Structure formats: structure tokens, C-alpha cells
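S.K.:
Residue numbers (this note's numbering): 6 to 269.
1. Per DSSP, residue 157 is paired with what?
2. When DSSP labels each residue in this structure, what does residue 127 get in the three-state scheme?
3. Does DSSP put residue 229 in a helix, a strand or coil?
4. Less than 9 Å between the C-beta atoms of residue 157 and residue 77, yes or no?
5. Quick check: what's the CA-CA separation for residue 123 versus residue 234?
6. Excluding sequence positions up to five away, which residues of its chain have a Cβ less than 6 Å from the Cβ of residue 74?
7. Who are residue 42's beta bridge partners in DSSP?
8. Rounded to whole angstroms, what is the Cα-Cα separation between residue 44 and residue 261?
9. Is it the case that the Cβ atoms of residue 121 and residue 166 are separated by a distance below 9 Å?
10. Return the residue from the list 130, 257, 184 and 128 that minimises the CA-CA distance to residue 35.
11. Taking 8 Å as the threshold, find out whether the region 144-156 comes into contact with the region 49-67 through three or more Cβ pairs.
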């Protein structure tokens, strides 16, 4: 089985630069550490056409896990659950378990259960609600063929709370048994362009390793570059040994170029 993942960020506020998309970076890191291969991070507006198409596209491509953030709130443009039902060709229904969660949440806060708030208990038929330990809108877990679709609120604290408490344990249970091993070094005095052939040779030393340079300073006047090395493997000892071997090669090569390794 291919353990691929897509991250879908939903919201006009992301596309106009009003809100910084921290959710996508956080989720990508989580998926990577769980051993999943994140293939795409997509940002789309609060639009029926865009949301329906992206969910259907993920299913067509056989993506194992799709996580969306945003569009689960009580406002007029929060329609991710409704559009997800359309994408799955399922009825958009009031979920009994979700209703209990929503009623309990608003009751505990002493707030009235209005029609817009009640909407947060509606989801695709056959979906499972995920308790929200921080806010009011439950998350959604629904499966279609080999694809798992998880819809989470866009508020970072709510998204993280649901993911860490309910989504992450399940994804770890059903996911790949891989270990993600990484190390970085920071290089001073060697421009990124001069590091390129060194990195290319390092990549050829292993068919599992990935090496990426990240410039931190001025390319000519004050070159400062972070080199990140990582590998995913079922054998953590083997992965650690492989990463350490590449790091040692990189440090030696950098020093031969007259560069300085500031951290390793």
C-alpha cells in the first residue's frame, strides 16, 4: 500500500494573504514524522467548485489520507462538510453523535444552540465525528474506497487538538512502520552554488537519502547555508547510520572547500 497524503487548506483569507497558513506546515511535519509521503499541499477558496473537485481528484488518484482545514464553522461560507458530501455523492445529514457533541459543548458554555451552530453537527452520511477539545465544531473522518478524508477546523488550536488527540493515534496505528531520521549542518563561507556538486555526490551515495540546502545568508557577501539530510526507513539503526555517514561526508567536503561547519 502507498502511504500518500494531501493537505488541503481552505479559505479566502489564505489566498489574499490575510492569514498565514501555519496549519499546512504543522500538518506536513506531523505526516512526515508518521512516515506518510506528503505529495501535495493545496490552498483553495471557500468555493463549491474548488472543494468538490479537489476531494474527488484525491479519491481518483488513490491518495491514502487527505486532511483539509477550514470551513467547518457556523458562518455562511463554512460549507466544507456540505461540499464534501457532494464530492462523495452522499447525503448531507445531521449526525447523531456530532449533535450530542455540539449540544454538550454549547450547554457547558451556557450558549443557545442556534441554527448556524446546529449546522456544525451536519456531515456526509456515514462519517464519524471527531471530538473538538478546544472549540465547538467536531472534525470529520470519512472513508471512500482506499482514501481516508479528515476535515478539521481552520483555527490552529482546534485543528491541533483534534489531530493530536484523535487523528494522529489512528494514523500511526494504520500507517507505515517507518522511522524518520534527520540531521542538519550549518555551513559558513561556501556559497550554495559551490555546495551543489557536493550535495549531488552525497545523493548518489544512497538511494534512500534526501539532501536539501537552505540558504540563510547573502550568497556572495556572507554565505551561510543549512544542509538538511533525512531518510525514512523501517530500521532506525540503519537509517541513523546512513544519515551520519552522509553528514560526515558533507562536513569533510565543506572543510576541503575552505568552509566552516558551525553546527552539526
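A virtual CB, placed ideally from N, CA and C, is assigned to each residue, including glycine. None of the values given here were measured: they were computed from a predicted structure.
M.R.: Well, looking at it:
1. By 1-based counting over the chain shown, the position of residue 157 is 152. According to the DSSP secondary-structure assignment, residue 157 is paired through a beta bridge with 74.
2. Here residue 127 refers to the residue found at position 122 when the chain shown is read from its first residue. Assignment of residue 127 by DSSP, reduced to helix, strand and coil, places it in the strand class.
3. Start at 1 with the first residue of the chain shown, and residue 229 comes out as number 224. Three-state DSSP puts residue 229 in a strand.
4. Position 152 of the chain shown, counted from the start, is the residue given in the question as residue 157. Position 72 of the chain shown, counted from the start, is the residue given in the question as residue 77. The beta carbons of residue 157 and residue 77 sit closer together than 9 Å.
5. Reading the chain shown from its first residue, position 118 is the one you call residue 123. Reading the chain shown from its first residue, position 229 is the one you call residue 234. Distance between the alpha carbons of residue 123 and residue 234 is about 48 Å.
6. Within the chain shown, numbered from 1, the residue matching residue 74 stands at position 69. Closer than 6 Å at the Cβ level, and outside the excluded window around residue 74, lie 14, 28, 157, 159 and 164.
7. Working through the chain shown from its first residue, we reach residue 42 at position 37. Residue 42 pairs with 9.
8. To locate residue 44, count along the chain shown from 1; it is residue 39. To locate residue 261, count along the chain shown from 1; it is residue 256. Rounded to the nearest angstrom, the two C-alpha atoms are 36 Å apart.
9. Sequence index remark: in the chain shown, residue 121 carries index 116 (1-based). Sequence index remark: in the chain shown, residue 166 carries index 161 (1-based). No.
10. Position 30 of the chain shown, counted from the start, is the residue given in the question as residue 35. Answer by Cα proximity: 184.
11. Contact between the region 144-156 and the region 49-67 is present, because at least three Cβ pairs lie under 8 Å.
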